[in-house]
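Protein sequences, first through last, are from chains A and E. In this text, residue positions in the first sequence follow our numbering: the first is 683, and each later residue adds one. In this text, residue positions in the second sequence follow our numbering: the first is 683, and each later residue adds one. Single-structure report; data block below.
Protein chains: 2
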Amino acid sequence: MKQSKQTDVVKKIESIATEDVYLRIKKKKLPELHMPLRTLTNVKYDPKEGFFELLEKKKERTLTASTIKTFAQTLRMMSHAKTIIATDDITTKREMYYISKNWAEAAFNEQPESDAVMDDIEAMMLVNREQLGFIPEEKGGEVAGKLIVVDKDPDTGKEIKIDCTKFGTGSYSIPISVEHLKFDTNAKFILAIETAGMFQRLLKHNYWKSANCILVSMGGVPTRACRRFIRRLSDAKKLPVYVFADGDPYAYFNIYRTLKVGSGNAAHINEYFCVPEAKFLGVTPQDIIDYKLPSHPLKDIDIKRGKDAMKNDPFVKHYKEWQKAINQMIQMKVRAEQQALAKWGLNYVITKYLPDKLKKSSTWLP
Amino acid sequence: MKQSKQTDVVKKIESIATEDVYLRIKKKKLPELHMPLRTLTNVKYDPKEGFFELLEKKKERTLTASTIKTFAQTLRMMSHAKTIIATDDITTKREMYYISKNWAEAAFNEQPESDAVMDDIEAMMLVNREQLGFIPEEKGGEVAGKLIVVDKDPDTGKEIKIDCTKFGTGSYSIPISVEHLKFDTNAKFILAIETAGMFQRLLKHNYWKSANCILVSMGGVPTRACRRFIRRLSDAKKLPVYVFADGDPYAYFNIYRTLKVGSGNAAHINEYFCVPEAKFLGVTPQDIIDYKLPSHPLKDIDIKRGKDAMKNDPFVKHYKEWQKAINQMIQMKVRAEQQALAKWGLNYVITKYLPDKLKKSSTWLP
């Protein structure tokens, strides 16, 4: 589970280039790259590990007339990764595509082609692409509360301490790549919040002070950087992670399930991006009843989503509590948002709901 | 142009409630609320003012059998605004909708209804809704570089100074409401950047240090908070604002035009949210030629967008330079992204493109 160091990553690149390509050519064999098959049929869920794990199925990329272009692109991109690690630089997925425009016949025609090769390299090396210096385009994830983030000055390499209690109504915005960050905190837990509006409310009232916690705004489905940040922080400081999201299938599966155990089509990186310690604090279907929340009718697609999850999702199939909750929601035929608590007063969420829920772990979902 | 103080806003609420409602009822007249008509037919563009301005057309909301519910909702929402200003709290648009669930028959059925009433109140009072304590759901806008943001501790009211040179590879995330912020800086300009990836590159290389500037990541079309932040900062410190975006119609009109002069359907708030001082630094159609950038074919919809703008957009009709640029782009039939500069090396943008462009204001667009 521990992260590879940059020197290890470089060694891995060199070893693949040497053994699978260079030495095979010297022995007059065809060079051959091996990467795991990335589909739901090639994952398992083991709650001890805590994430969707890759099984053994692999695909091979042998140098032939038809694979020669992709093969060349794969090697050039590995070589580029080696250079950016050496120069401590970064490359966005979009930039990678443009850089290839100088590779003569090996140039990518469209970005999806270069993205696919990047995914292959990531899977082949069993590292996450941020460790190779490749970063996504999108940013996301804000932090406030009892946390000091330790970063480095990009020029001098000197440590910079960022105190997340000192942003007023603003907050600390998580960088696109978080591999180099360290943490210092005496908070008791991380509260990961679905909406920016709810985050702003808790911030405005300095909720993190009274609750002694760290607030993270996910702004919908968390980005890779946001998930990795929560994971690294939770690992480093042994902090529990509570997720406060809407009470609907989208929040349960697209947001919470992805944060906790990862997803099927990115199984080769779940190990780095999932947060196995996460618990779902609310809004649960039972909360809709207990707190008399205004609700909205479930759409047919929500009901289908829930039924599908009970049948096919290894995570839901593992937890009786989730099956019960989804059945309850389907029977109630309604969903509710975290903002619905405002019906009982703007700050009911701070004075009543969150303190109640935090005290009673029996009301959470696993 | 100057911002109303909170006490002025409260006075305005009271004066409308007294004169248009209470006193009219006492005189046995029907109460009557007046608000400007918010359509493109009711705006003009005057480059001296620098934004789309409302003309005189108004609509009236008189209390009748058919308007009674909306009328009651408008008054209740004004009353709620008065309360949150008094308690220095905030309310998201979504929360406002849920709060109405306690208004018995005056409850809103759907959020679009409560949003429309909020827009009406905003326009009627000629303030932006953040001044009424109403905040959007979405967040956005990150800042790094030579700037100290002065905020207040929500508990103690004590000043908090946030030094945006001290966040390493991270950044300062703009709060949803920025009306209360003050600024301290000796930077020479603000660079507003379209993509999070480009922002991260400039940040990673401490570009703000050598260029003596403030970097703002807009992450696509800037949010209200991001626009208002740039505007207030630029006003307060007399800073020029340079926009560094893709070279395509979306960046020109949806991002740049909206940032600089506002939009038609929100004309009542352009005064607060536009940044009349903004200049378009690049990527211009001429840059695509001068810097030999990899490009993509324009789509039919892009060409239509450009032609429509030349015919109907008061901003484009005002500036010959923009007409020329759009004509040039339509003839070239291509667009290019800011990341396309990576073809010439990852940091070509820092060592060559930005320094060149900043020196030569003749290459900008107005």
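Each residue gets a CB set at the ideal place from its N, CA and C atoms; glycine is no exception.
DSSP on residue i, reduced to helix/strand/coil?
i, result
"Glu819/A", "coil"
"Met683/E", "Its pLDDT being 33, under 50, Met683/E is placed unreliably in this model, and the value from its coordinates should be taken loosely. If DSSP states are grouped into helix, strand and coil, Met683/E belongs with coil."
"Thr744/E", "strand"
"Met717/E", "strand"
"Tyr1001/A", "coil"
"Glu887/A", "A quick correction: the sequence has His, not Glu, at residue 887/A. In this structure, His887/A counts as coil in the three-state DSSP scheme."
"Asp833/E", "strand"
"Tyr1035/E", "helix"
"Leu757/A", "helix"
"Lys870/E", "coil"
"Val703/E", "helix"
On the criterion of 16 or more Cβ atoms from any shown chain inside 10 Å, does residue i qualify as buried, or is it exposed?
i, result
"Ser782/E", "buried"
"Ser892/E", "exposed"
"His978/E", "exposed"
"His716/E", "exposed"
"Ala798/A", "exposed"
"Lys1039/A", "buried"
"Thr700/A", "exposed"
"Glu787/E", "exposed"
"Lys828/E", "buried"
"Ile707/E", "exposed"
"Thr744/A", "exposed"
"Thr773/E", "buried"
"Ser1044/E", "exposed"
"Gln654/E", "With chain E covering only 683 through 1048, there is no way to say anything about residue 654/E."
"Val943/A", "buried"
"Lys740/E", "exposed"
"Met683/A", "In this predicted model, Met683/A has a pLDDT of only 33, less than 50, meaning its place in the structure is not dependable; the value taken from the coordinates is given anyway. Met683/A comes out exposed."
"Leu712/E", "exposed"
"Leu897/A", "buried"
"Ile750/A", "exposed"
"Asn791/E", "exposed"
"Asn868/E", "exposed"
Looking at the secondary structure, which residues open and close the beta strand (DSSP E) in which residue i lies?
i, result
"Ser1043/E", "Unbroken run through Ser1043/E: none, as it is neither H nor E."
"Asp982/E", "Per DSSP, Asp982/E belongs to no beta strand (DSSP E); it is in the alpha helix (DSSP H), 982 to 994."
"Lys961/A", "960 to 964"
"Cys908/E", "Looking at the DSSP string, Cys908/E is not in any beta strand (DSSP E); the run it does join, the alpha helix (DSSP H), is 906 to 919."
"Leu736/E", "733 to 736"
"Ile772/A", "No beta strand (DSSP E) holds Ile772/A; DSSP gives it neither H nor E."
"Ala826/E", "824 to 827"
"Ile858/A", "From DSSP, Ile858/A is part of no beta strand (DSSP E); its letter is neither H nor E."
"Asp845/A", "841 to 845"
"Phe865/E", "864 to 866"
"Ile937/A", "It is not in any beta strand (DSSP E) - Ile937/A carries neither H nor E in the DSSP assignment."
"Phe926/E", "923 to 926"
"Cys895/E", "895 to 899"
"Ala933/A", "Counting along the chain, Ala933/A falls outside any beta strand (DSSP E), and DSSP gives it neither H nor E."
Ends of the alpha helix (DSSP H) at residue i?
i, result
"Thr689/E", "688 to 697"
"Lys709/E", "Premise fails: Lys709/E is in no alpha helix (DSSP H) and is neither H nor E."
"Asp801/E", "793 to 807"
"Asp972/A", "967 to 972"
"Leu941/E", "940 to 943"
Under 8 Å between beta-carbons, which chain D residues line up against residue i? List them in chain order, please.
i, result
"Phe790/A", "Although the question refers to chain D, the structure presented lacks it and instead comprises the protein chains A and E."
Any C-beta of chain A within less than 7 Å: which residues of the stretch 865 to 878 of chain E qualify? Thr877, Ala878
Short of 9 Å Cβ to Cβ, which residues in the stretch 895 to 909 of chain E face chain A? Ser899, Gly901
Pairs of beta-carbons, one from the stretch 760 to 776 of chain E and one from the stretch 729 to 739 of chain E, closer than 8 Å: are there three or more? no
Is it true that the stretch 995 to 1004 of chain A meets the stretch 929 to 949 of chain A, where meeting means three or more beta-carbon pairs spaced less than 8 Å apart? yes
Listed in chain order, which residues of the stretch 774 to 787 of chain E have Cβ atoms closer than 7 Å to some Cβ of chain A? Thr774, Arg776, Glu777, Tyr780, Ile781, Lys783, Asn784
Check whether the stretch 919 to 938 of chain A and the stretch 955 to 969 of chain A touch, using three or more Cβ-Cβ pairs below 8 Å as the test. yes
Taking a cut of 7 Å between CB atoms, which residues from the stretch 946 to 975 of chain E lie near chain A? none
Could you name the residues of the stretch 1021 to 1033 of chain E whose beta carbon sits closer than 9 Å to any beta carbon of chain A, in the order they occur along the chain? Gln1021, Ala1022, Leu1023, Ala1024, Lys1025, Trp1026, Gly1027, Leu1028, Asn1029
Taking Cβ-Cβ distances below 7 Å as the criterion, which residues of the stretch 801 to 827 of chain E are in contact with chain A? Ile817, Glu819, Glu820, Lys821, Glu824
Indicate whether the contact test is met: 3 or more Cβ pairs, each with one atom in the stretch 830 to 844 of chain A and one in the stretch 870 to 880 of chain A, closer than 8 Å. no
Cβ pair count under 8 Å reaching 3, the stretch 876 to 894 of chain A against the stretch 979 to 986 of chain A: no
Taking beta-carbon pairs under 7 Å, can you tell me which members of the stretch 910 to 937 of chain E lie near chain A? none
With a cut-off of 8 Å, do at least 3 Cβ pairs link the stretch 875 to 882 of chain E to the stretch 1017 to 1024 of chain E? yes
So if I threshold CB-CB distances at 9 Å, which residues from the stretch 851 to 865 of chain E count as touching chain A? Thr851, Gly852, Ser853, Tyr854, Ser855, Ile856, Pro857, Ile858, Ser859, Val860, His862, Leu863
Of all the residues that make up the stretch 877 to 893 of chain A, which are near chain E by a beta-carbon distance shorter than 9 Å? Thr877, Ala878, Gly879, Met880, Phe881, Gln882, Arg883, Leu885, Lys886, His887, Asn888, Lys891
Output, in sequence order along the chain, the residues in the stretch 830 to 850 of chain A whose CB is closer than 7 Å to any CB in chain E. Val831, Asp833, Lys834, Asp835, Pro836, Asp837, Ile842, Ile844, Lys848, Phe849, Gly850
Using Cβ-Cβ distances below 7 Å, what residues of the stretch 747 to 778 of chain A are close to chain E? Asp771, Ile772, Thr773, Thr774, Arg776, Glu777
Any residues in the stretch 730 to 748 of chain E with a beta carbon nearer than 7 Å to a beta carbon of chain A? Which ones, in chain order? none
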